[in-house]
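Line by line, the protein sequences are chains A and B. Note that numbering that gives the first Met the number 0 numbers the first sequence so that position 163 is 162, with each residue one more than the last. Note that numbering that gives the first Met the number 0 numbers the second sequence so that position 344 is 343, with each residue one more than the last. By construction, the Cβ of each residue, glycine as well, lies at the ideal position given by its N, Cα and C atoms. Reading through the structure tokens given below for one structure.
Protein chains: 2
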Amino acid sequence: MIPSNLQGAPLAARMSGIATFQVLKLLARAKELEAQGRSIIHMEIGEPDFPTPAPVTAAALEATRAGDVHYLPALGLPALRRAIAGYYRDQYGVEVSPERIIVTPGSSGALLLAMGVLLCPGDEVLLADPSYPANRHFIRFCEGVPVGIPSGPETGYQLTAAAIAANWTERTRAVMVATPANPTGTTIPGPELKRIVDEVQGRNAALVVDEIYHGLVYGERPPTALALTDRAFVINGFSKFFTMTGWRLGWIVVPEAYHDPAERLAQNLFLACSTVAQHAALAAFSPESMAICERQRAEFGARRDYLAKALVELGFRIPVIPEGAFYLYADCSALTDDSFAFALDMLENSGVAITPGADFGNHRAHQHVRFAYTTSMERLREGVERIAAHLRRRGTSGAAASARPAVASAPG
Amino acid sequence: MIPSNLQGAPLAARMSGIATFQVLKLLARAKELEAQGRSIIHMEIGEPDFPTPAPVTAAALEATRAGDVHYLPALGLPALRRAIAGYYRDQYGVEVSPERIIVTPGSSGALLLAMGVLLCPGDEVLLADPSYPANRHFIRFCEGVPVGIPSGPETGYQLTAAAIAANWTERTRAVMVATPANPTGTTIPGPELKRIVDEVQGRNAALVVDEIYHGLVYGERPPTALALTDRAFVINGFSKFFTMTGWRLGWIVVPEAYHDPAERLAQNLFLACSTVAQHAALAAFSPESMAICERQRAEFGARRDYLAKALVELGFRIPVIPEGAFYLYADCSALTDDSFAFALDMLENSGVAITPGADFGNHRAHQHVRFAYTTSMERLREGVERIAAHLRRRGTSGAAASARPAVASAPG
């Protein structure tokens, strides 16, 4: 739809497929309430509450003082690319050539590069519904067609090789998965990921694996896709595990055959990434930083354990307790059939901000909300108390309100 | 062309239209020579040699120490958007609503936003040939068709309203100009810019004006497009006048009707820009920073005066002495008909790196080279001496080598 008030050129057709995040409406209302003096507990934001690790800050200060804040190569600071390769060696026992690693402005830049080198107009990309909202918009931005496959608790809200095969068309060019995923926090078990690799690559299509939350798994970590194939596009970054959101730095590992096209795109779209951020990120892999990030991971794990249990007691269903990220994707069908109104009501009447399911797709989105445990345990506890009181006032709290069992089990 | 070694998915068709920068081949060779101990004078790089202004560095240190390096809003730090509006008020006497200003990851991000909200597949965009190479690649990235209009010294290497009218087709959706331009440094005089605004907007198309070099004009500054219309997309940033390249921060002023689509794109493509860079950039507008940047501008002006005269004496033709940026686009047809080989030969045999014309388009590109005066006057003088000696050895130096007069005149 072209707005009639566009004096001049019409709007690009792609814009009809690129939506704003619903949660921003709630965030804006939350800020209004805070401006009025209300206390708001933020469980809507996909951003760690922890600060930049101190060794990273120290490195940023040093790089800034040193003063040589000029352009770095488009592919990234060579030492940082080597350090990222070292991270795969140390953490996963996987050898990745630094040549295949491209530093990007956030993992957002990595997603743009991947879609940019892969998609022709009309090409279809399979992804789970629910998924991180920007994924379908990156696809649409590059004139591709996002095909959301309804994915429920029976598959851990993830695509499977079987679902991929069942939804394949002659226009399918790529498959995008995230492990752990946003909004569900679920991972893809190694054997299934291998089946997905084989299914997609057997069809000469591209597999894009978003591992931005891979550092945040609260048990045994599944393999990186890089351990299974050297032909996938694997995305990661410094925002989540390394709690460096505002520095805007990510990376992508590209298959060797795509190195040159990806480099051409990076040169033209980005020129380079932030110089100071890259020098700072070098310190993220130091033992001191890694120890800080590991402590934060343990804290996130404890928050997950607490919040998942508390929400189930309140009447939310969480059929798959997620292994990673910092999200709980909760089925609120026992409480509402309009998750947006439910979230807004909760914000207004209990001062707890959460994200309605509509941001993540269409599949039962109105019966789901996402809780981010990106605030302290103390605030989480207060949030749970507020939600409990709110639901009591609404007369919909507790297991009694739900006809269905709120079973929590690991994915298959 | 799809490389045959692409195991798996084919390459996006757009990639056949997205080239690497030719100059990078010279830069790589220059680095090889430097690694061998050779002294190289760099006149190929479009990056100020001046460091980040000290008040900006101080603000970056303060923001980093303060530690709240979390995401900022997608449109940018509100105080920075207000400061940019203040810059237009102070420098140009133009009122621009901060609402229309979007902070972007470099002016590269601004170009992506503009093309993203405007272009449908197959839409044509008119631009001067020669132009900044990434411009045509941003257009192609968004599935548009860049239409380079051969533009010579008679129009200051710039598009004119007449050239735009003459090249219009039913698929033309936008026109992109840059003032001052890369690689020529020339500006579009106010009256002609007004005619261009009327020509483009009269046809209900979009005008994109890249003013990234607008702070670097060495005489009377022409008007910003914002003084002539509130319906153009106007791009600027902190890399050139404010000498903050490595911080990767730019902005775009969008027409009001495009604000919402541009915000949706910024949310999805970028999430946010660097938090520290935005706090640092606030200090770029302080009187202390502005005084530093003005001194740098004067130094760039002196370099232009010296280098233009010296190159003409060496046999290059510079028919339009540019008013701005830090480039001289020199006609080397009296010296060579293969500017790439000429530049490579000059690098190998005199240790001076320059950029061959092919990066900037097709129009007489093999008879042009770009000199960037982004190094000290002392290094420029040495560069000129080396070039003179090199040309003497080749037997092609001096006005005697040129049958044509090397007239230097201001554009009309």
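To which residues does DSSP link residue i through a beta bridge?
| i | result |
| --- | --- |
| residue 316 of chain B | B:330 |
| residue 352 of chain A | A:41 |
| residue 31 of chain A | Beta-bridge pairing links residue 31 of chain A to no other residue. |
| residue 126 of chain A | A:147, A:175 |
| residue 206 of chain B | B:174 |
| residue 367 of chain B | B:330 |
| residue 236 of chain A | A:249 |
| residue 102 of chain A | A:250 |
| residue 216 of chain A | A:323 |
Please report whether the beta-carbon of residue i lies at a distance below 8 Å from any beta-carbon of chain A.
| i | result |
| --- | --- |
| residue 266 of chain B | yes |
| residue 273 of chain B | yes |
| residue 40 of chain B | no |
| residue 246 of chain B | yes |
| residue 365 of chain B | no |
| residue 17 of chain B | yes |
| residue 194 of chain B | no |
| residue 393 of chain B | no |
| residue 140 of chain B | yes |
For residue i, which residues in the same chain have their Cβ closer than 8 Å to its Cβ, ignoring the five residues on either side in sequence?
| i | result |
| --- | --- |
| residue 225 of chain B | 87, 91, 93, 95, 231, 233, 252 |
| residue 357 of chain A | 21, 338, 339, 364, 365 |
| residue 32 of chain A | 39, 346, 347, 350 |
| residue 159 of chain A | 191, 194, 195 |
| residue 18 of chain B | 132, 136 |
| residue 442 of chain B | This structure cannot settle anything about residue 442 of chain B, because the visible part of chain B is limited to 0 through 411. |
| residue 166 of chain B | 125, 146, 148 |
| residue 29 of chain B | 39, 41, 43, 346, 352 |
| residue 172 of chain B | 117, 118, 119, 122, 123, 124, 143, 204, 205 |
| residue 26 of chain B | 43, 44, 352 |
Consider the Cβ of residue i: report whether some Cβ of chain B lies at a distance smaller than 8 Å.
| i | result |
| --- | --- |
| residue 116 of chain A | yes |
| residue 292 of chain A | no |
| residue 10 of chain A | yes |
| residue 147 of chain A | no |
| residue 136 of chain A | yes |
| residue 260 of chain A | yes |
| residue 198 of chain A | no |
| residue 37 of chain A | no |
| residue 14 of chain A | yes |
| residue 357 of chain A | no |
| residue 276 of chain A | yes |
| residue 450 of chain A | The structure shown does not extend to residue 450 of chain A, since chain A is modelled only from 0 to 411, so the question has no answer here. |
| residue 51 of chain A | yes |
| residue 263 of chain A | yes |
| residue 179 of chain A | no |
| residue 270 of chain A | yes |
Apart from the five residues on each side of it in sequence, which residues of its chain come closer than 7 Å, Cβ to Cβ, to residue i?
| i | result |
| --- | --- |
| residue 351 of chain A | 40, 42, 345, 382, 385, 386 |
| residue 331 of chain B | 315, 338, 341, 366, 367, 368 |
| residue 424 of chain B | As displayed, chain B neither begins before 0 nor continues past 411, which places residue 424 of chain B out of reach and without an answer. |
| residue 73 of chain B | 262, 265, 266, 269, 270, 271 |
| residue 302 of chain A | 372, 376, 379 |
Kindly list the residues whose CB is nearer than 6 Å to the CB of residue i, restricted to its own chain and excluding five residues on each side of it in sequence; keep chain order.
| i | result |
| --- | --- |
| residue 353 of chain A | 42, 43, 342, 368, 370 |
| residue 319 of chain B | 152, 155, 185, 410 |
| residue 222 of chain A | 189 |
| residue 113 of chain A | 207, 232 |
| residue 110 of chain B | 137 |
| residue 395 of chain A | 334 |
Check the C-beta distance from residue i over to residue j and give it rounded, since I have them as a contact under 8 Å.
| i | j | result |
| --- | --- | --- |
| residue 310 of chain B | residue 333 of chain B | Incorrect: roughly 11 Å between the Cβ atoms, too far for contact. |
| residue 239 of chain A | residue 195 of chain A | Not confirmed; about 22 Å, so no contact. |
| residue 270 of chain B | residue 70 of chain B | 7 Å |
| residue 57 of chain B | residue 275 of chain B | No, residue 57 of chain B and residue 275 of chain B are not in contact; Cβ-Cβ is about 12 Å, not under 8 Å. |
| residue 79 of chain A | residue 280 of chain A | 6 Å |
Under 8 Å, CB to CB, which of the residues in the region 53-78 of chain B have a partner in chain A? When C-beta distances to chain A are compared with 8 Å, the residues of the region 53-78 of chain B below that value are 56, 59, 60, 63, 64, 66, 67, 68, 69, 70, 71, in chain order.
Residues of the region 224-246 of chain A with a CB closer than 8 Å to any CB of chain B: list them in chain order, please. Per Cβ criterion, the list reads 230, 243, 244, 245, 246.
What are the residues of the region 100-115 of chain B that lie near chain A, defined by any Cβ-Cβ distance shorter than 7 Å? Those would be 104, 105, 107, 111, 115, in chain order.
If contact means a Cβ-Cβ distance below 8 Å, which residues of the region 310-332 of chain A contact chain B? Cβ contacts with chain B come from no residue of the region 310-332 of chain A.
Closer than 8 Å between beta carbons: that is the criterion. Which residues of the region 296-308 of chain B meet it against chain A? If you check each beta-carbon in the region 296-308 of chain B against every beta-carbon of chain A, none falls closer than 8 Å.
Using a beta-carbon distance cut-off of less than 7 Å, what residues from the region 142-176 of chain A approach chain B? Of all residues in the region 142-176 of chain A, the ones placed with a Cβ closer than 7 Å to any Cβ belonging to chain B are 142, 172, 173, in chain order.
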